[in-house]
Amino acid sequence: MKKMKMSLLIGLMLLLAVFLVACGGDDSESSEGSTDTNGEDNGETASEENPETTLTFLVDNQTVTDGIEAVAEDIKEKHNITTEIELRPGGTEGDNIVKTRLATGEMTDIMWYNSGSLFKALNPEEYFLDISGESFVEKYDDAYKETVSVGDAVYGVPGEASSAGGWLYNKKVYEELGLEVPNTWDELMANNEAIKEAGKVPVIASYKDTWTSQLVLLADYYNVHSEDPDFAEQFTNNEAKFASTPIALRGFEKLQALQEAGHYNGEESATGYEDALEMLASGEAAHYPMLTFALAAIADTYPDNIEDIGFFGQPGAEADDHGVTLWMPGSIYANKDSENVEAIKTWLEYFVSDEGLETYMAEMKANGPYVLEGVELPDDAYPAVKDMASYLEAGKVGPALEFLSPLKGPTLEQITVEVGLGMVTPEEGAEKYDRDVERQAQQLDLEGW
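Count the sequence shown with mature numbering (1 follows the signal peptide of the UniProt record, and there is no 0) and you get residues -24 to -1, 1 to 425, in order.
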């Protein structure tokens, strides 16, 4: 990890000085951030300045919370705020839980959720606290800020680094078989054949967790944008469809191609996300189309294998235009009807402070670039994250469609399962998705629908 900036060091030294004064029993007023809530001499003062508060935090069960929990411990020590984490399922089931709890007024104080189109479909102004007036929002990258904003209101705090969508691969398998990273789709399919002939699983399909079925389609968006840069705008304005746009349809066709070639594992519908990570880490399988946020889970569960995992963007037709699709980080949102709004603001401010980030980054390595100004990738980033560097340096990156358009049909993950299993054709899947998007656009009351 890069050395801390001198300003941060000075700030920490000042905090330490204040802390030592407090521990020495000085009755003078201490800063809120340095109160020792466990000291016998100043416990009463700490209680007065930072009344004990408990915040509830809803997080999906596939987000690694080690970094969050580490920062929460700091917040408890410094601000007397306890964080109780509640886990929910991911995918459609989790989305339904979030929507139900929002509608019934039973949402936690803070919650973890997607940025971009899925978040904006929740009617943020009705449920979430506008934090646009908080000073820490000035640190946001503009592209990220847009994904958690509606009009002038800002609602989210980045809960992690950004991620890339593409293919995680086992580098040992590649080395054993003498394979090179593919730069075209045809080269990838040829690698899959070689892997299959060697008796290993070329590509993991983990359709038990249906949300994972979307990645082959969604990670292809760099190729869509490169060929048709106006697609997102036309899609939003009801002027372009997946079924009638060949380059957009191509993502559905790639799902089918992998299935027809026999490149998936057996029992796709019984294989879950955690099973997939084990298969990839162990070398039983060579590829897993996935977001790089999965690296944290691999490092946590299979620490001896994380160095074996590499990454490449989903290739298109041209080797000289091999790029990667980027996802904005999951975000933390505040319940505007919470009884603990001031404590929530304190919690959020600390989470993205220099001190909070130091704690977080000491516990959790980045899945990709950070979206806060002045925060760079550390030197000890995962090898798979370092693989992203060549794409970034070459400018071969682009955001996923859900960060360029407010539209993402809620049943996409069921449709991509059907295409991936060969139950429907790519054309049928694209047409079903276009109808799904139409219903959502009408619910959002978008112009032109």
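Glycine residues also receive a C-beta, built at the ideal position from the N, C-alpha and C atoms. Everything numeric in this text was worked out from a predicted model, so none of it was measured.
What does the alpha-carbon distance come out to for the pair residue i and residue j?
i	j	result
ILE107	TYR120	14 Å
PRO279	VAL347	26 Å
ASP410	GLU318	43 Å
THR76	ALA293	43 Å
GLU423	GLU215	11 Å
LEU267	LEU144	8 Å
GLN190	GLU203	21 Å
LEU253	VAL47	26 Å
TRP425	ALA417	6 Å
MET87	GLY175	43 Å
THR335	GLU45	10 Å
LYS321	TRP161	47 Å
TYR358	MET399	37 Å
PRO222	GLU169	26 Å
THR58	ASN37	20 Å
GLY405	THR387	11 Å
ALA79	TYR89	16 Å
PRO158	PRO205	24 Å
ASN72	MET364	33 Å
GLN210	VAL393	26 Å
LEU383	GLU25	45 Å
ALA270	LEU420	31 Å
ALA376	LEU333	26 Å
ASN213	PHE207	10 Å
GLU315	PHE104	13 Å
PRO291	ASP196	8 Å
PHE95	GLY70	13 Å
VAL361	GLY248	23 Å
PRO265	LEU164	12 Å
LEU193	ASP313	37 Å
LEU234	ALA166	11 Å
ASP284	THR29	43 Å
So who's on the other strand from residue i, going by DSSP bridges?
i	result
SER374	It is worth fixing the name first, because residue 374 is Gly in this sequence and not Ser. Per DSSP, THR301.
GLU60	THR32
TYR264	LEU144
MET255	BP columns for MET255 are empty, so no partner.
ASN311	PHE104
PHE228	Note: PHE228 sits in no beta bridge, so no partner.
PHE287	LEU144
PRO134	SER307
VAL126	ALA129
SER139	TRP303
TYR240	VAL179
LEU348	TYR116
Kindly list the residues whose CB is nearer than 8 Å to the CB of residue i, restricted to its own chain and excluding five residues on each side of it in sequence; keep chain order.
i	result
PRO402	LEU225, PHE228, GLU229, LEU231, GLN232 and VAL395
GLU62	THR32, PHE33, LEU34, VAL35 and THR84
ALA129	PRO100, GLU101, ASP106 and SER108
PRO27	ASN56
LYS115	VAL328, LEU348, GLU349 and GLY350
VAL113	ILE107, LYS121 and VAL130
ASP412	GLY385, PRO386, THR387, LEU388 and ILE391
ARG415	GLY385
SER138	TYR120, LEU302, TRP303, MET304, PRO305, ASN343, GLY344, PRO345, TYR346 and VAL347
ALA310	ASP85, ILE86, PHE104, LEU105, ILE107, TYR131, VAL317, ILE320, LYS321 and LEU324
Given residue i, which residues of its chain have a CB within under 7 Å of its CB, disregarding the five upstream and five downstream residues?
i	result
VAL133	SER307, ILE308, LEU324, PHE327 and VAL328
GLU389	GLY67, THR68, THR186, TRP187, SER189 and GLN190
PRO178	ASN168, ILE171, LYS172, HIS239, ALA262 and HIS263
GLU339	ASP42, GLY43 and ALA46
SER381	SER93, ALA208, PHE211 and THR212
LYS217	ASP410
ALA295	ASN159 and THR160
Looking only at its own chain, which residues have a Cβ that is under 6 Å from the Cβ of residue i, when we skip the five neighbours before and after it?
i	result
GLU407	ALA219
PHE379	GLY92, THR123 and MET304
ALA140	THR268, VAL300, LEU302, GLY344 and MET364
MET255	ILE180 and ALA261
VAL40	ALA272, ALA273 and ASP276
HIS201	GLY374
ASP50	THR335
SER125	none
LEU353	ALA342
task = Check whether the stretch 184 to 200 touches the stretch 238 to 253, counting contact only when three or more Cβ pairs, one atom from each stretch, lie closer than 8 Å.
result = They touch, by the three-pair rule.
task = Taking 8 Å as the threshold, find out whether the stretch 365 to 377 comes into contact with the stretch 284 to 300 through three or more Cβ pairs.
result = Short answer: they touch.
task = Counting only runs of 4+ residues fully inside the stretch 385 to 413, write out the alpha helix (DSSP H) ranges in chain order.
result = List check, alpha helix (DSSP H) in window: 388 to 396.
inquiry  = Quick check on the DSSP output: what are the complete alpha helix (DSSP H) runs of length 4 or more inside the stretch 69 to 117, in order along the chain?
reply    = DSSP runs (the alpha helix (DSSP H)) wholly in the stretch 69 to 117: 93 to 96 and 100 to 103.
key: Whole beta strand (DSSP E) elements within the stretch 171 to 220, 3-residue minimum   = Within the stretch 171 to 220, the beta strand (DSSP E) runs of at least 3 residues that lie entirely inside it are, in chain order, 177 to 179.
ask   = For the 8 Å Cβ check, are there 3 or more pairs between the stretch 258 to 273 and the stretch 144 to 153?
value = In short, these stretches touch, since the Cβ pair count reaches three.
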